[in-house]
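Protein chains in written order, with this note's numbering: chain A, 1 to 113; chain B, 1 to 115. Positions of the beta carbon are idealized from the N, C-alpha and C atoms, including for glycine.
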Amino acid sequence: QQPVQSPQAVILREGEDAVINCSSSKALYSVHWYRQKHGEAPVFLMILLKGGEQKGHDKISASFNEKKQQSSLYLTASQLSYSGTYFCGTESRPNFGNEKLTFGTGTRLTIIP
Amino acid sequence: DGGITQSPKYLFRKEGQNVTLSCEQNLNHDAMYWYRQDPGQGLRLIYYSQIVNDFQKGDIAEGYSVSREKKESFPLTVTSAQKNPTAFYLCASSTGLVISGDTQYFGPGTRLTVL
């Protein structure tokens with residue numbers, strides 16, 4: 001079953017913060033976050049593994065709550081370049097040699113000046 | 001430069017025709033994937049392959065076929081049996097080892113339009 005992302009869409013002014021959530025009905029082993037600009041390929045942002053630490057780089061970070069089966073992506077002091085659609089991809093079990101991700105429906109983020 | 005290439009970028013097809021989308025990678029990845037994306041929608045898995053000469057159906061395999069004769073190539077054929085083929089098609093690859101902390105990397109995509 002597809003993970004649920006919230007919100008579906010959000011509009012922010014430059015410099016504001018955003019939180020994007022990804023929830024699964026299954027126990028999660030890993031969560032992968034991507035950003036996609038219109039008409040382009042998704043670009044990998046970060047991966048969170050079960051039992052791993054919260055990840056982050058620059059002003060984008062993420063957390064993984066294994067008990068709640070959800071992950072959150074945090075964008076602080078948003079920049080115009082952050083605009084795009086954010087997807088989470090989840091895997092429910094660590095099958096060696098069988099990495100199959102199930103993607104959420106996406107969150108469209110629009111940053112305005 | 002290492003990466004994933006897809007061709008063509010735009011493809012037009014008449015209804016009832018089969019068409020093959022190309023996907024090549026030089027990342028030495030074992031696993032390759034095909035996804036379909038409709039406007040405003042997420043990514044849905046069509047087929048994936050972990051090793052040469054082996055592949056598995058994804059969530060929406062009906063009307064599609066694939067082959068994996070070489071490690072670096074994973075072409076997708078959209079057959080006339082696919083009822084609504086107009087979409088953006090994305091190919092991805094990975095080492096296939098989530099335990100290593102690796103992920104999937106995507107090609108630039110092919111936009112298929114059926115006329």
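Item to complete: Starting from B/Thr-95, follow the beta strand (DSSP E) in both directions and report where the run begins and ends.
Response: No beta strand (DSSP E) contains B/Thr-95, which DSSP labels as neither H nor E.
Item to complete: Under the assumption that A/His-32 contacts A/Leu-109 (Cβ atoms under 8 Å), give the Cβ distance between them as a whole number of angstroms.
Response: At roughly 17 Å, the Cβ-Cβ gap does not stay under 8 Å, so A/His-32 and A/Leu-109 are not in contact.
Fill in: Closest by C-alpha distance to B/Gln-41, when choosing among A/Pro-3, A/Arg-93, A/Ile-112
Selection A/Pro-3, A/Arg-93, A/Ile-112 evaluated against B/Gln-41 yields A/Pro-3 as nearest (Cα-Cα).
Fill in: Per DSSP, the bridge partner or partners of B/Ser-73
B/Glu-24, B/Lys-70.
Discussion item. Can you look up A/Tyr-29 in the DSSP assignment and give me helix, strand or coil?
Written reply: A/Tyr-29: coil per DSSP, three-state reduction.
Discussion item. Between B/Gly-3 and chain A, is any beta-carbon pair separated by less than 8 Å?
Written reply: B/Gly-3 does not count as touching chain A.
Worksheet item: Does the distance from the C-beta atom of B/Leu-27 to that of B/Tyr-89 stay below 8 Å?
Response: The criterion of a C-beta distance shorter than 8 Å is not satisfied by B/Leu-27 and B/Tyr-89.
Worksheet entry | Same chain, Cβ closer than 8 Å to B/Ile-60, neighbours up to 5 away in sequence not counted | So the list reads Arg-36, Arg-44, Leu-45, Ile-46, once near-sequence residues are dropped.
Practice prompt. Could you tell me which of A/Leu-28, A/Asp-17, A/Pro-113, A/Tyr-74 sits nearest to A/Asn-65, measuring between CA atoms?
Written response: A/Asn-65 has its Cα closest to that of A/Leu-28, out of A/Leu-28, A/Asp-17, A/Pro-113, A/Tyr-74.
Worksheet item: Just how far apart, CA to CA, sit B/Leu-11 and A/Gln-1?
Response: So the two alpha carbons sit approximately 31 Å from each other.
Worksheet item: For A/Gly-89 versus A/Gln-5, is the C-beta distance shorter than 8 Å?
Response: Not closer than 8 Å, so no.
Worksheet item: Checking contacts by CB at 8 Å: is A/Ala-41 closer than that to chain B?
Response: Yes, its Cβ sits closer than 8 Å to a Cβ of chain B.
Item to complete: Counting only the same chain and skipping the five closest in sequence on each side, list residues whose C-beta sits under 8 Å from that of A/Pro-113.
Response: Result list for A/Pro-113: Arg-13, Glu-14, Leu-80, in chain order.
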